[in-house]
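Notes to accompany the following structure.
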Amino acid sequence: LGTVLDTYRAVFRVPGSAAFCAAGFVMRLPYAIYPVGLVLIVSAQTGRYTFAGALAGIYVAANGVGNPVLARLVDRLGQHRVLLPATAAHVLGLLVLGVLIKTDSPLWTYIPPTMLAGFAFLAVGSLTRTRWSYVLAGRPELSTAYSVESTIDEVVFTLGPLIATVLATQADPVLVLVVGGALVAAGALLLRPQRATEPPAHETGAPRAASALL
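Everything in the sequence shown is counted per the working numbering, starting at 212 for the first residue and increasing by one.
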């Protein structure tokens, strides 16, 4: 056990690694809060379980579309330039959705802000993994760092639904959106100033790698 712990400690001896890893965890936690939370919020407020499930699906689909778009911007501009604008758009979508739900607005009006919130939520795991690959380039500890990231993912998807369920059933359901937005904003504000561990942006006009999709 001691050897295993020493292996994991080694990756956090790199200056700044613990800081960006912690910020990424905070910002990433809502990944698992929103899908469950949206179902619980909408079903609790409207009693429409079918629409609640559809809205959660719309959020996930919008996030899937937005991730590669935002990733391209991060590659071109750098993480620090994209973090705050994307997070602001994400939080705006959540706030508008929360107001619409609390004011019993027509169900169709929930869709645009949900799409905005999903589209603008950065793939935080990718941001932290690229930082690990930058600060540990060519070092054997990199595989351990990726193991840390996988563990964080497991923790996120264990805690997130629990947090969403407790907030939605034991407090005001819309509080799920407030807490999620606050975590994303806090994580972004913590991560943005950490420039020493941020991979450099790709210059405009630099040779482009072949499409991973192809």
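C-beta: ideal position from N, C-alpha, C; glycine also.
> Relative to the alpha-carbon of proline 246, which residue among Leu295, Asp383, Ala263 has its alpha-carbon at the smallest distance?
Replying inline: Ala263
> By DSSP, does glutamine 256 sit in helix, in strand, or in coil?
Replying inline: helix
> Helix, strand or coil for histidine 301 per DSSP?
Replying inline: helix
>> Could you check whether alanine 273 and leucine 249 sit closer than 8 Å to each other, using their CB atoms as the reference points?
In response: no
> Under 8 Å, do arginine 340 and glutamate 360 count as touching if we go by C-beta distance?
Replying inline: yes
>> Within 8 Å, do at least three Cβ pairs link the stretch 287-305 to the stretch 400-411?
In response: yes
> Which of helix, strand or coil does DSSP assign to alanine 243?
Replying inline: coil
> Are the beta-carbon atoms belonging to leucine 240 and leucine 305 less than 8 Å from one another?
Replying inline: no
> For serine 228, does the count of other Cβ atoms within 10 angstroms reach 16, so buried, or fall short, so exposed?
Replying inline: buried
> Going by the CB atoms, is the gap between alanine 331 and histidine 301 shorter than 8 Å?
Replying inline: yes
> Can you tell me the Cα-Cα spacing of valine 367 and lysine 313, whole angstroms?
Replying inline: 28 Å
> CA-CA distance, glycine 277 and alanine 230?
Replying inline: 26 Å
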